[in-house]
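The next block holds one structure in the form of structure tokens; read it before the comments.
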Amino acid sequence: MFYQERNNVEDLKNQAFYRFLKRTYALHTIAFAALLYVVGGFSYIVWVLGVAGTLGYHGTFLVNSVCHIWGSHVWNTGDLSKNNWWVALLSFGEGWHNNHHAFEYSARHGLEWWQIDVGWYIIRFLEVVGLATNVKLPSKDHKLKMSFASLNKFE
Ligand SMILES: [Zn+2]
Numbered sequence: 001m002f003y004q005e006r007n008n009v010e011d012l013k014n015q016a017f018y019r020f021l022k023r024t025y026a027l028h029t030i031a032f033a034a035l036l037y038v039v040g041g042f043s044y045i046v047w048v049l050g051v052a053g054t055l056g057y058h059g060t061f062l063v064n065s066v067c068h069i070w071g072s073h074v075w076n077t078g079d080l081s082k083n084n085w086w087v088a089l090l091s092f093g094e095g096w097h098n099n100h101h102a103f104e105y106s107a108r109h110g111l112e113w114w115q116i117d118v119g120w121y122i123i124r125f126l127e128v129v130g131l132a133t134n135v136k137l138p139s140k141d142h143k144l145k146m147s148f149a150s151l152n153k154f155e
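Under my numbering, the first residue of the sequence shown carries the number 1, and numbering increases by one thereafter.
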């Protein structure tokens, strides 16, 4: 499977809401910029779209660079992905990157109670109030399969 094929998001492609977002995402940005301009003028566009957008992109790049070099490798993913606590704090949980590589479908990246994952807390809140459904988490069987302990299963 290659990431360009986008066959790892079939569940999203089947939902009209996400197809609508994909078709119209440029319009959302333009409408948001217009709203920012109306509310606060050009400086709001610079700070919210320019500065905050740049920080957001760099946060994503930070995860994909730092978390393939420094941190702990707790799951047998066969790659260089790492869990990095300080990146997780800066990126609202995305720094639990080895967890993400092991269970890419999981809404929760911080799988241990001490792995702070603000993104997961928001998703869990939305689930509790009924605004998020079909939230996916790794099963015990999948965790066992991805653990280093499972390497000895053929001995
Ligand atoms: Zn990665």
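Note that the Cβ used here is the ideal one computed from N, Cα and C, for glycine as well.
Beta-carbon spacing of residue i, residue j below 8 Å
i           : j           : result
residue 83  : residue 72  : yes
residue 110 : residue 96  : yes
residue 93  : residue 118 : yes
residue 106 : residue 63  : no
residue 49  : residue 26  : no
residue 139 : residue 76  : no
residue 89  : residue 123 : no
residue 36  : residue 44  : yes
residue 137 : residue 108 : yes
Coil, strand or helix - residue i by DSSP
i           : result
residue 114 : coil
residue 139 : coil
residue 30  : helix
residue 91  : coil
residue 75  : strand
residue 96  : strand
residue 147 : strand
residue 134 : coil
residue 80  : coil
residue 121 : helix
residue 105 : coil
residue 41  : coil
residue 70  : coil
Beta bridge counterpart(s) of residue i as assigned by DSSP
i          : result
residue 85 : None, per the DSSP bridge assignment.
Expected contact under 8 Å - CB spacing of residue i and residue j to nearest Å
i           : j           : result
residue 103 : residue 142 : 7 Å
residue 135 : residue 98  : Actually they are not in contact, since the Cβ atoms of residue 135 and residue 98 sit about 21 Å apart, beyond 8 Å.
Cβ contact (3+ pairs, closer than 8 Å) linking the segment 123–139 and the segment 51–67: Contact between the segment 123–139 and the segment 51–67 is absent: fewer than three C-beta pairs spanning the two stretches fall below 8 Å.
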